[in-house]
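Here the protein sequences come in this chain order: A and L.
With this note's numbering applied, the first sequence closes on residue 402, and no number is skipped along the way.
With this note's numbering applied, the second sequence closes on residue 402, and no number is skipped along the way.
Built from N, CA and C at the ideal position, the CB exists for glycine as well.
2 protein chains.
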Amino acid sequence: MEFTQDIFAEQMKPITGSAIRQIFHLLAKPGMISFAGGNPSADALDVETVAELAQEALSTKGKAILQYGATEGWAPLRESIAEFVKTAGIETSPAEILPVHGSSQAFDLLLKAVINPGDTILAESPTFLGALQAMRIYGANIVSLPMDENGVIPEAAEEAIKKHHPKMMYIIPTFQNPTGVTLSLERRKAMAELANKYGVILAEDDPYRDLRYSGDPLPAIKSFDTDGWVVYMTSFSKLIAPGMRVGAAIANPTLLRKIVIGKQSADTHTTALTQAIVDLYIRKGLLMPHIERINKAYKRQLDAMLDGFKYFPENVTHTVPQGGLFVWASLPEGANALELFERAVENNVAFVPGTHFYADGGNLNTFRLNFSNSPVDVIETGMKKLGGLI
Amino acid sequence: MEFTQDIFAEQMKPITGSAIRQIFHLLAKPGMISFAGGNPSADALDVETVAELAQEALSTKGKAILQYGATEGWAPLRESIAEFVKTAGIETSPAEILPVHGSSQAFDLLLKAVINPGDTILAESPTFLGALQAMRIYGANIVSLPMDENGVIPEAAEEAIKKHHPKMMYIIPTFQNPTGVTLSLERRKAMAELANKYGVILAEDDPYRDLRYSGDPLPAIKSFDTDGWVVYMTSFSKLIAPGMRVGAAIANPTLLRKIVIGKQSADTHTTALTQAIVDLYIRKGLLMPHIERINKAYKRQLDAMLDGFKYFPENVTHTVPQGGLFVWASLPEGANALELFERAVENNVAFVPGTHFYADGGNLNTFRLNFSNSPVDVIETGMKKLGGLI
């Protein structure tokens, strides 16, 4: 019998893959200036230190690293992460921490633990593409929450909770992907309160937190959690190296146990060698100086991009992030960033049209620009080119 | 509001975790002889070679290894795996191969791509615990297939297909976990035929294939696939190191694409460093000599375990595997291996009661013995002790 797509699960049938990963195919064109991805700069990837730590880990604990490990994670890393998240105001213990293959996996396992098809999730609008795809695969009903320059609006969230009875809220509080916007302190408290008041899981996805180039750091929403409704998800992809696939979920022990059970049959445990490397990075005090170093370079790149808007018509608005990897821009209402995208790619500049980040599509005038993966001079050239095309 | 387990997804509510992982807690007792796990021997884990290959990979391709990679996997590894599976009679191309975090992830992503709650999966009875848990999490209806000393019985499978209209069959054809039984050549052909005739996905889980200590290797079921209904799942956990979490799925391009989409939001891609290490292991011709070396030691351990049955009453039957990690034993009908397990643990010997490997429980007289993780003299001591307790 010929193989047929009829065999696919209902939720998977309409899902055709990440729009960004399609755009990546266009980027192979020589001479392309890409503001499209979300990759760390190649300079931010410290191969030498990773190689040294890999040797140290294998020479001191090689047999344990190569053997089956606990699904709950590499014990020293759980300790290190408990220390690491103190800077986000989170007081926790290794028993509440699960190392995972990137924060995407934290969210995937959380969805697996909690979501039945048809359950509602409230999400910032726009939001991270990968999260939209993950929620769709689990058959969630995604309800959009409005944002302004201080992030998601708690009053609107409360109204949506009352109306839609969601099981979960998905929030990227710091230097949000795609907008670069940061949730204010008052709103962080308010969102934690809503989660605990109404019994809604708040998935706090916070991979950009430490990429701050100006302004003061804010405590995580999780730091205001009272009854264990906030799940904190962090990642070392942007801080050390995405290829290592190490992140973590922090959740109350009852919920974490269910997430662990999902992980047992999903992939048994997180790769031990890369867990051990991240542990040593933190434990030996190498991580914070490394972050300071890469933040200096990223600040110059962000500044170059913000400066580059001088080449844009004045009716193009944009966010002014204090960190992260992205700037969000809007053409005047009625203009079409998909059409701009096609002309831009022909002229060797790429970005991601903003419509892809909306659960309900639309918003054709918006687009996302990444600055971390291009040197300052290339950013200037690219912004000039792009401005000329608008 | 106090956190409540009511929030969990329906499928997850009854799932309390792997029975084996609970048993592991008992094994911490000093002096315990464990036939319970499925771990490779510590001697089989070649730390030095892994460390050398890690350095080579990082020094030659460090920036690519640390950056985001393709969900489809590390390109050189896809090529190496295409070569590797030729020894199983599988002619494929890198485009049909997806490196994953162990063969457990291959199965999890396959389930995600295909299974709606209530769909039927036919599985050997008994079968791998982790697979039972994965199928339950996706809400599958598991229907047991009978086996004999040549593996699953195709006539019974055909009858079950006609009766239950399954979407999938799950088969471990070589040195099956838990029984150690190998599916005969004729039956491999017959199972491939059934999958293609009726349009049922056959998930062929084959992580033990190369751990053969006697007899001739058999081609994979996948080698007899005609229309792309067989998905081959392999793993380097038992051949190189489980802590690296590298395995692969091989499937027709349409199905593989859907599996890739599931992986995009599950964990973006497989850890690149360990993919690169496995690639170099294969590419430099180190894998086959390594397997020959570890097989020699495992053969002695298997022989010691089989010999140890001389200490058991004659009415205890057992399989005589030609490879793998496990021997399967049965007490006389009516006897209870759960009760034996308790007495055995008190006396510092552990195994896994067989009932856990049955989708429908029962079969209380059966139990699984692992030989790979104990030296020959310990195996003899343990078998003598266990025999005395029966």
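Requested in this report: List the residues of chain L that Asn-208(A) touches, going by C-beta distances under 7 angstroms, in chain order.
Outcome: Stepping through the first sequence from its first residue, residue 208(A) is reached at position 196. Against chain L, a Cβ distance below 7 angstroms from Asn-208(A) picks out Met-13.
Requested in this report: Consider the C-beta atom of Leu-352(A) and the heavy atoms of the ligand HEM; say whether any pair is separated by less than 7 angstroms.
Outcome: Absent from the structure shown: the ligand HEM. Ligands present: none.
Query raised in the report: Which first and last residues belong to the beta strand (DSSP E) in which Glu-216(A) is found?
Result: As a first step, residue 216(A) must be located in the first sequence, where it is residue number 204. Taken as a continuous stretch (DSSP letters only), the beta strand (DSSP E) holding Glu-216(A) covers 213-217.
**Report entry** Coarse secondary structure for Val-332(L), derived from DSSP in three states
**Finding:** Start at 1 with the first residue of the second sequence, and residue 332(L) comes out as number 320. Coil.
Query raised in the report: Which residues in the same chain as Leu-65(L) place their Cβ atom closer than 7 angstroms to its Cβ, once the five residues preceding and following it in sequence are excluded?
Result: One-based indexing of the second sequence puts residue 65(L) at position 53. Excluding sequence neighbours, Leu-65(L) sits near Ile-289, Leu-292, Tyr-293.
Requested in this report: Check Pro-52(A) in the structure and name its three-state DSSP category.
Outcome: Your numbering for residue 52(A) matches position 40 in the first sequence. Coil.
Query raised in the report: Do you know how far the Cα of Phe-379(A) is from the Cα of Val-364(L)?
Result: Position 352 of the second sequence holds residue 364(L). Position 367 of the first sequence holds residue 379(A). If I take the Cα positions, the gap works out to 56 angstroms.
Query - Short Cβ contact (8 angstroms threshold) for Ala-63(A) with Gly-163(L) - result: Here residue 63(A) is taken as the residue at index 51 of the first sequence, counted from 1. Here residue 163(L) is taken as the residue at index 151 of the second sequence, counted from 1. Remark: C-beta atoms of Ala-63(A) and Gly-163(L) do not approach each other more closely than 8 angstroms.
Query - Bounding residues of the beta strand (DSSP E) (the contiguous stretch that carries Ser-247(L)) - result: Here residue 247(L) is taken as the residue at index 235 of the second sequence, counted from 1. Unbroken beta strand (DSSP E) run through Ser-247(L): 242-247.
Query - From Met-24(L), Tyr-244(L), Asn-359(L), Gly-101(L), residue whose alpha carbon lies closest to that of Lys-396(L) - result: Translated into positions along the second sequence, residue 396(L) becomes position 384. Selected option, being the one with the closest Cα: Asn-359(L).
**Report entry** Span separating the alpha-carbon of Gln-145(A) from that of Ala-284(A)
**Finding:** Counted from its first residue, the first sequence places residue 145(A) at position 133. Counted from its first residue, the first sequence places residue 284(A) at position 272. For Gln-145(A) and Ala-284(A), the distance between alpha carbons rounds to 28 angstroms.
**Report entry** Boundaries of the alpha helix (DSSP H) in which Ile-273(L) is found, first to last residue
**Finding:** Here residue 273(L) corresponds to residue number 261 of the second sequence, with the count starting at 1. DSSP places Ile-273(L) in the uninterrupted alpha helix (DSSP H) bounded by 265-279.
Query raised in the report: Does the count of Cβ pairs from the stretch 91-108 of chain L and the stretch 86-105 of chain A closer than 8 angstroms reach three?
Result: Between the stretch 91-108 of chain L and the stretch 86-105 of chain A there are fewer than three C-beta pairs closer than 8 angstroms, too few to call the two in contact.
Report task. List the endpoints of the continuous alpha helix (DSSP H) containing Glu-103(L). Result -> In the second sequence, the residue the question calls residue 103(L) occupies position 91. Counting along the chain, Glu-103(L) falls outside any alpha helix (DSSP H), and DSSP gives it neither H nor E.
Requested in this report: Would you mind telling me which residues of chain L sit closer than 9 angstroms to Lys-250(A), beta carbon to beta carbon, in chain order?
Outcome: As a position in the first sequence, residue 250(A) is number 238, starting the count at 1. Simply none; closest approach about 10 angstroms.
**Report entry** Three-way DSSP call (helix, strand, coil) for Phe-15(A) in this model
**Finding:** In the first sequence, residue 15(A) corresponds to position 3, counting from 1. In the structure shown, the three-state DSSP call for Phe-15(A) is coil.
**Report entry** Start and end residues, alpha helix (DSSP H) containing Asn-11(L)
**Finding:** Outside the displayed range of chain L (13 to 402) lies residue 11(L), so it cannot be described from this structure.
Query - Distance, Asp-58(L) Cα to Met-300(L) Cα - result: Your numbering for residue 300(L) matches position 288 in the second sequence. Your numbering for residue 58(L) matches position 46 in the second sequence. Distance between the alpha carbons of Met-300(L) and Asp-58(L) is about 13 angstroms.
Query raised in the report: Buried or exposed: Pro-158(A), going by 16 or more other Cβ atoms within 10 Å of its Cβ?
Result: In the first sequence, the residue the question calls residue 158(A) occupies position 146. It is exposed - the Cβ of Pro-158(A) has fewer than 16 other Cβ atoms within 10 Å.
Query raised in the report: If you draw a straight line from the alpha carbon of Val-155(L) to that of Ile-391(L), how long is it in whole angstroms?
Result: Position 143 of the second sequence, counted from the first residue, corresponds to residue 155(L). Position 379 of the second sequence, counted from the first residue, corresponds to residue 391(L). Going by C-alpha positions, Val-155(L) is about 35 angstroms away from Ile-391(L).
Query - Buried versus exposed call for Gln-117(A) [16 or more other C-beta atoms within 10 Å across all chains shown] - result: The residue labelled residue 117(A) in the question sits at position 105 within the first sequence. By the 10 Å Cβ count, Gln-117(A) comes out buried.
Query raised in the report: What separation, rounded to the nearest whole angstrom, lies between the Cα atoms of Gly-192(A) and Ser-235(L)?
Result: Translated into positions along the first sequence, residue 192(A) becomes position 180. Translated into positions along the second sequence, residue 235(L) becomes position 223. Distance between the alpha carbons of Gly-192(A) and Ser-235(L) is about 51 angstroms.
Report task. Check whether the Cβ atoms of Thr-83(A) and Val-243(A) lie closer than 8 angstroms to each other. Result -> The residue given as residue 83(A) occupies position 71 in the first sequence. The residue given as residue 243(A) occupies position 231 in the first sequence. No, the Cβ-Cβ distance between Thr-83(A) and Val-243(A) is not below 8 angstroms.
Requested in this report: Please determine, among Gly-297(L), Asp-389(L), Glu-198(L), the residue with the shortest C-alpha to C-alpha distance to Ala-309(L).
Outcome: One-based indexing of the second sequence puts residue 309(L) at position 297. Measuring from the Cα of Ala-309(L), the nearest candidate turns out to be Asp-389(L).
Query raised in the report: Beta carbon of Phe-338(A), beta carbon of Leu-381(A): below 8 angstroms?
Result: On the first sequence, residue 338(A) is found 326 positions in, with the first residue counted as 1. On the first sequence, residue 381(A) is found 369 positions in, with the first residue counted as 1. Cβ distance < 8 angstroms, so Phe-338(A) and Leu-381(A) count as in contact.
Query raised in the report: Can Gly-274(A) and Met-245(L) be called in contact, C-beta distance under 8 angstroms?
Result: Taking the first sequence and counting its residues from 1, one reaches residue 274(A) at position 262. Taking the second sequence and counting its residues from 1, one reaches residue 245(L) at position 233. No; because the gap between Cβ atoms is not below 8 angstroms, this pair is not in contact.
Query - chain A residues whose Cβ lies nearer than 7 angstroms to that of Pro-254(L) - result: As a position in the second sequence, residue 254(L) is number 242, starting the count at 1. Proximity of chain A to Pro-254(L) at the Cβ level (cut-off 7 angstroms) is accounted for by Gln-79, Tyr-80, in chain order.
Query - Assigned secondary structure, Phe-424(L) (DSSP; H/G/I helix, E/B strand, else coil) - result: A query on residue 424(L) cannot be resolved here, the shown segment of chain L reaching from 13 to 402 and no further.
Report task. Output the distance between the C-alpha atoms of Val-212(A) and Leu-206(A), rounded to the nearest integer angstrom. Result -> Taking the first residue of the first sequence as position 1, residue 212(A) is located at position 200. Taking the first residue of the first sequence as position 1, residue 206(A) is located at position 194. For Val-212(A) and Leu-206(A), the distance between alpha carbons rounds to 8 angstroms.
Query - Partner residues on chain A for Val-126(L), Cβ-Cβ distance less than 9 angstroms - result: Position 114 of the second sequence, counted from the start, is the residue given in the question as residue 126(L). Below the 9 angstroms Cβ cutoff, chain A contributes Ile-19, Phe-20, Ala-21, Met-24 as neighbours of Val-126(L), in chain order.
Requested in this report: Tell me whether Phe-379(L) sits in a helix, a strand or coil according to DSSP, three-state version.
Outcome: The residue you call residue 379(L) lines up with position 367 of the second sequence. Annotated three-state conformation of Phe-379(L) is strand, per DSSP.
Report task. Would you mind telling me which residues of chain L sit closer than 7 angstroms to Ala-371(A), beta carbon to beta carbon, in chain order? Result -> Position 359 of the first sequence, counted from the start, is the residue given in the question as residue 371(A). Proximity of chain L to Ala-371(A) at the Cβ level (cut-off 7 angstroms) is not reached, the minimal Cβ distance being about 14 angstroms.
Query raised in the report: Which two residues bound the contiguous beta strand (DSSP E) that contains Gly-259(A)?
Result: If you number the first sequence from 1, residue 259(A) lands on position 247. Per DSSP, the continuous beta strand (DSSP E) segment holding Gly-259(A) begins and ends at 259-262.
Query raised in the report: Between Glu-386(L) and chain A, is there a C-beta pair that is closer than 8 angstroms?
Result: The count along the second sequence starts at 1 and reaches residue 386(L) at position 374. Residue identity check: residue 386(L) is Ser in the sequence provided, not Glu. No, because no Cβ of chain A sits closer than 8 angstroms to the Cβ of Ser-386(L).
Query raised in the report: Residues in its own chain within less than 6 angstroms of Met-147(A) by CB, not counting five upstream and five downstream?
Result: Numbered from 1 along the first sequence, position 135 holds the residue referred to as residue 147(A). Cβ neighbours of Met-147(A) within its own chain (closer than 6 angstroms, five residues either side excluded): Ile-133, Ile-154.
Query raised in the report: Are Gln-67(A) and Gln-287(L) touching if we call contact CB-CB under 8 angstroms?
Result: As a first step, residue 67(A) must be located in the first sequence, where it is residue number 55. As a first step, residue 287(L) must be located in the second sequence, where it is residue number 275. Cβ distance not < 8 angstroms, so Gln-67(A) and Gln-287(L) don't count as in contact.
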